[in-house]
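So the structure is just underneath, and the comments pick up after that.
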Amino acid sequence: MIAPWKKYRLGFWGNVFCLFTASICFGAQCLSLSPTLRGAKNAYAPITVRELTPGEQEGLGRLFRSLAGTWQGRADSFFCRSAEDPADVENDQEIMHAKVSVDYYGNWYMSADFYSAGKKAGRQEMLTLYQNNRKLRIDHDTGVGDVELIEVSDTTIAFLYRRFLSIGRSGSSRREHFFTLKAAGGSFTIEQLLYIQGKLSSGQTWRFERG
Numbered sequence: 139m140i141a142p143w144k145k146y147r148l149g150f151w152g153n154v155f156c157l158f159t160a161s162i163c164f165g166a167q168c169l170s171l172s173p174t175l176r177g178a179k180n181a182y183a184p185i186t187v188r189e190l191t192p193g194e195q196e197g198l199g200r201l202f203r204s205l206a207g208t209w210q211g212r213a214d215s216f217f218c219r220s221a222e223d224p225a226d227v228e229n230d231q232e233i234m235h236a237k238v239s240v241d242y243y244g245n246w247y248m249s250a251d252f253y254s255a256g257k258k259a260g261r262q263e264m265l266t267l268y269q270n271n272r273k274l275r276i277d278h279d280t281g282v283g284d285v286e287l288i289e290v291s292d293t294t295i296a297f298l299y300r301r302f303l304s305i306g307r308s309g310s311s312r313r314e315h316f317f318t319l320k321a322a323g324g325s326f327t328i329e330q331l332l333y334i335q336g337k338l339s340s341g342q343t344w345r346f347e348r349g
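Note that the sequence shown covers residues 139 to 349 in the working numbering.
Spelled out as structure tokens, the structure:
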């Protein structure tokens, strides 16, 4: 369920979470401003963290359990190579195989293998979503993994989180991540967009079908 006090925000954030292929996300393009900045908000402020409601936690449990098992599919991604030219984009497409499991505490684990025919290279990614401490977290079950919830339902999870990456003497890189997981029937999709210093830098969509 969507917390009542969060509903007003979905209109603002809803346009962020779309199915995108290559460098296009319903008009989004490389170097476009973060939705946070477009909404006249501070993209560098601390995120707003809250506990899951009992209903949200139950819904997440159902969603996570429904996704357990083996999957296969396709990954589409783009990377913005230039800091000045939005048309300078590198696109890639990969096939993937994944295994999803849920532990006793309701935490969600995915291990995925990717292969790019274009690059003739493979890679592996691990993704973990925690909920056992009444907070949804990504990759780390501590404050480091905290996220700002946008939507939580039996079929959808949407959130954002921010990271600061040290780049030596020149300072730090400010990164804002938008993440959505949507399930429908025997498939699910994970979408991720990364904004660096307030501008779109890369994105990827993983589309899974039962293996």
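We put the beta carbon where it would ideally sit given N, CA and C, even for glycine.
Please check the pair glutamate 189 and arginine 272, which I expect to be a contact at CB under 8 Å, by giving their CB distance rounded to whole angstroms. Their Cβ separation, rounded to whole angstroms, is 5 Å, which keeps glutamate 189 and arginine 272 in contact under 8 Å.
Quick one, are the C-beta atoms of aspartate 230 and lysine 257 less than 8 Å apart? Yes, these two residues count as a Cβ contact at 8 Å.
Got a sec, what are the start and stop residues for the alpha helix (DSSP H) threonine 174 sits in? From DSSP, the alpha helix (DSSP H) with threonine 174 extends over 173-176.
Contiguous alpha helix (DSSP H) assignments of at least 4 residues, all confined to the stretch 184-248: 192-204, all fully within the stretch 184-248.
From the DSSP output, read off the bridge partner residues of lysine 179. None; lysine 179 has no bridge partner.
Compare the Cα-Cα distances from valine 187 to each of Val282, Glu222, Ser220 and report the closest residue. Ranking Val282, Glu222, Ser220 by CA distance to the CA of valine 187 puts Val282 first.
Determine the contact status of proline 224 and glutamine 262, defining contact as a CB-CB distance below 8 Å. Pairing proline 224 with glutamine 262 gives a Cβ-Cβ distance that is not under 8 Å.
Which of helix, strand or coil does DSSP assign to arginine 275? In this structure, arginine 275 counts as strand in the three-state DSSP scheme.
For phenylalanine 216, which option in Val290, Val227, Ala206 has the closest C-alpha, if you only look at C-alpha atoms? The shortest C-alpha separation from phenylalanine 216 is found at Val227.
For the beta strand (DSSP E) containing leucine 303, name the first residue and the last one. Unbroken beta strand (DSSP E) run through leucine 303: 294-304.
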